[in-house]
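Below is one structure, written out as structure tokens, with a few remarks after it.
2 protein chains.
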Amino acid sequence: MNTTFLDACRGKKTSHVPVWFMRQAGRYLPDYQRVRNKLTFLELCKNPALCVEVTLQPIDIFGFDAAILFSDILIPMEAMGLALEFHDGRGPIFPEPVRDLQKITALRVPDPEEDMPFVLETIRLLRQELKVPLIGFAGAPFTLATYVIEGGSSKNFFATKSMMFREPELYRAILDKITACTSSYLIAQAKAGAQALQLFDSWAGALAPCDYERFALPYVQTILADLRQHTDIPLIYFANNGATLLRHTAGLDADVLGIDWRIPLADAIRQAGPHAVQGNLDPLALFLPKAELEARIAAMLEDARAARGYIFNLGHGVVPETDPDQVKIAVEAVHRFSQVNQN
Amino acid sequence: MNTTFLDACRGKKTSHVPVWFMRQAGRYLPDYQRVRNKLTFLELCKNPALCVEVTLQPIDIFGFDAAILFSDILIPMEAMGLALEFHDGRGPIFPEPVRDLQKITALRVPDPEEDMPFVLETIRLLRQELKVPLIGFAGAPFTLATYVIEGGSSKNFFATKSMMFREPELYRAILDKITACTSSYLIAQAKAGAQALQLFDSWAGALAPCDYERFALPYVQTILADLRQHTDIPLIYFANNGATLLRHTAGLDADVLGIDWRIPLADAIRQAGPHAVQGNLDPLALFLPKAELEARIAAMLEDARAARGYIFNLGHGVVPETDPDQVKIAVEAVHRFSQVNQN
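Protein sequence lines, in the order shown, are assigned to chains A and B. Going by numbering that gives the first Met the number 0, the first sequence runs without a break in its numbering and finishes at 342. Going by numbering that gives the first Met the number 0, the second sequence runs without a break in its numbering and finishes at 342.
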């Protein structure tokens, strides 16, 4: 068992810097495309055997130090009773956005074993196969709320922010339910065998820091506190576009902060408080020529020596146009350079 | 003549804090809609009489302390020889993106008087009407390049960044031409009567700071240097989502840095070097109830007392759903509270 990832999460010394990529199982991989072409995205998410297959692909091909469950952050929102559609080339769609008390009251807090058994089954199957740790995940409440309030993706989050500002009781009622759902979902993932848990706050960076503090942070704190009561596995919080939120996130009771590519890694480490840090190569930097890609990785590893613990990752998900050979170059560079650095 | 805006740009003491809003002339105003409904967006941009009308509307209605020329940052890209389309409800489209040497060679550096006479005519007409200063503007080169390379708006700037990283000579050739075009366009605006100039770097925040420094900043520096040789009016640089770029932008030879809403105003002022600061209320904060909106503005004005010069603005453009009454509340609050503060 390769435990470098878990050790780095806890700030322990490791033989090399562990590396995994957000969306490492995904469309840039021909092997993934072959599976995905046979069924819809939601069908794939609900098929444990195929979820296992695509989760394992990047581990086998590139030697990543951690696997992340193949799923989607919106799966629990569907389990709350909301119709959810994915159409190729567009974002996710909730045809009936949640914007009034009646719709909020109708939201159920799902029983993960009952309502999302395919996720937990995927985790159990993966643990039989994997030689690296398995990361479970969920969306953070603010991010999930934007999808269900907007009815899908958004440019300026008009519906979410105007509810937040003008009908804060409605907003808080939605967020409370999503928070309860997320806590129980992640606890169930841990019980099924997930060895670390990541909360994805993909849209946190749309908020002014003062609004993040009031309307997003408290729900993250609640989930982390709930998880600490039920499990001692490492907890990772990733606020995308979150450089200016570090003042708030640095105080979170997580083990690791995920960092996007808009802040120099050295600055993020300085501001991350007691946390290990995970990140933060621009996903598009995977298009750099080999020598430049390797030089950029070497510089990051040098900066990362100041971290309490460090996990190499991208600053956001792998983009579909990425050449798998470039991913291979990056993973090998992290392993090779970090072994040299620690001798 | 109300010169508070120009005085604040230069760090001089003013009788009240001046205020204007990005996109203050725009779709949230019924008066604008009435004009706009008669013709296409591009037709409007090329009609000086109507551009004057919509530029003046928010000054007359709300008492803003500065007017900004009604136009679009992509007008000069069309003048470079590129077909440009606007379709309602979608972003702008360049049906023939610029991605090879042949297309780059074909780009012309336009003569503003010859190729964009309507912009300069609008400025001349506005100066006869206005009792507040007139701001001219252009897009910053990186931001303009993303549109012409991607062929429109983009989510992850795949085409732009992959050209930047894999074909830097092509990228630099495009940026050099856009930079030359932008310098001469802004110099022409100043000669026509613009009393301040703002460079909009709307997509700067998509770049890692190390890439911003290499692939965007140098072109901004070139334009500012060109402008300083031809005019002494105040220069404003706005990098949207640019909190982590302040280390670089603080060194620019501009008078004012525009700040988006993702960073607390007090932090931005601390990092802005010798510049006056303009910003940075979340445009969606205009949906706050009156008392809360006023409280937020009061807090910003308090923080702004540390600035070398301060111009109240939003952190990005007014969104179309905004209630004009809320804009009125905000403008009046800035004026009222800042007069009290300075007594």
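Where a beta carbon is used, it is the ideal one built from N, C-alpha and C, also for glycine.
Between residue 310/A and residue 4/A, the C-beta spacing is below 8 Å. In the DSSP assignment, residue 199/A is bridged to 138/A and 237/A. Residue 127/B is not bridged by DSSP to any residue. As the crow flies, the alpha-carbon of residue 53/A is around 26 Å from that of residue 292/A.
The shortest C-alpha to C-alpha distance from residue 196/A to any of 304/A, 234/A, 98/A and 155/A is the one to 234/A. At a cut-off of 8 Å between C-beta atoms, residue 281/B counts as an interface residue with respect to chain A.
Distance from the CA atom of residue 14/A to the CA atom of residue 273/A, rounded to whole angstroms, is 21 Å.
Among the bridge pairs identified by DSSP, residue 85/A is matched with 91/A.
With a threshold of 8 Å between beta carbons, residue 212/A makes no contact with chain B. Short of 7 Å from the beta carbon of residue 26/A, and not among the five residues preceding or following it, lie these beta carbons of its own chain, in chain order: 32 and 319.
By the C-beta density criterion, residue 204/A is buried, having at least 16 other C-beta atoms within 10 angstroms. Around the beta carbon of residue 100/A, a 10 Å sphere encloses fewer than 16 other beta carbons of the protein chains shown; the residue is thus reported as exposed. In the structure shown, residue 74/B falls within a helical segment according to DSSP collapsed to helix, strand and coil. Taking 8 Å as the cut-off, the Cβ atoms of residue 85/A and residue 94/A do not count as close. For residue 11/A, no Cβ of chain B is located within less than 8 Å of the residue's own Cβ.
Here DSSP, grouped into helix, strand and coil, assigns residue 280/A to strand.
Chain B has no Cβ within less than 8 Å of the Cβ of residue 268/A. The alpha-carbon of residue 59/A is positioned some 11 Å away from that of residue 30/A.
Distance from the CA atom of residue 87/A to the CA atom of residue 73/A, rounded to whole angstroms, is 16 Å. Under the 8 Å criterion on CB atoms, residue 262/A is classed as interfacial with respect to chain B.
Within the DSSP bridge table, the entry for residue 25/A names no partner.
Chain-order list of chain B residues neighbouring residue 204/A: 261, by C-beta distance under 7 Å. The alpha carbon of residue 227/B has as its nearest neighbour, out of 202/B, 206/B and 254/B, the alpha carbon of 254/B. The segment 185 to 195 of chain A and the segment 243 to 253 of chain A do not touch, with fewer than 3 CB-CB distances between them shorter than 8 Å.
Secondary structure of residue 336/B (DSSP, three-state): helix. Taking CB atoms only, residue 35/A has no neighbour in chain B less than 8 Å away. In the pairwise beta carbon analysis, the segment 321 to 334 of chain B is classified as touching the segment 279 to 286 of chain B: at least three pairs are separated by under 8 Å. At a C-beta separation below 7 Å, residue 331/A has no neighbours in chain B, since its nearest C-beta there lies roughly 19 Å away. Counted as a single uninterrupted DSSP element, the beta strand (DSSP E) harbouring residue 311/B occupies residues 309 to 313.
From the beta-carbon of residue 160/A, the residues of chain B found nearer than 7 Å are 283 and 286. For residue 164/A, the closest Cβ of chain B is nearer than 8 Å. Close partners of residue 242/A in chain B (Cβ separation under 9 Å): 242, 243, 261 and 262. Under a criterion of Cβ atoms nearer than 7 Å, the residues of chain B adjacent to residue 320/A are, in order, 157. By the neighbour-count definition (other C-beta atoms within 10 Å, threshold 16), residue 242/B is a buried residue. Taking the beta carbon of residue 207/A as reference, the chain B residues within 7 Å of it are 260, 261 and 281, listed in sequence order. With contacts defined as CB atoms closer than 8 Å, residue 123/B and residue 133/B fail to qualify as a contacting pair.
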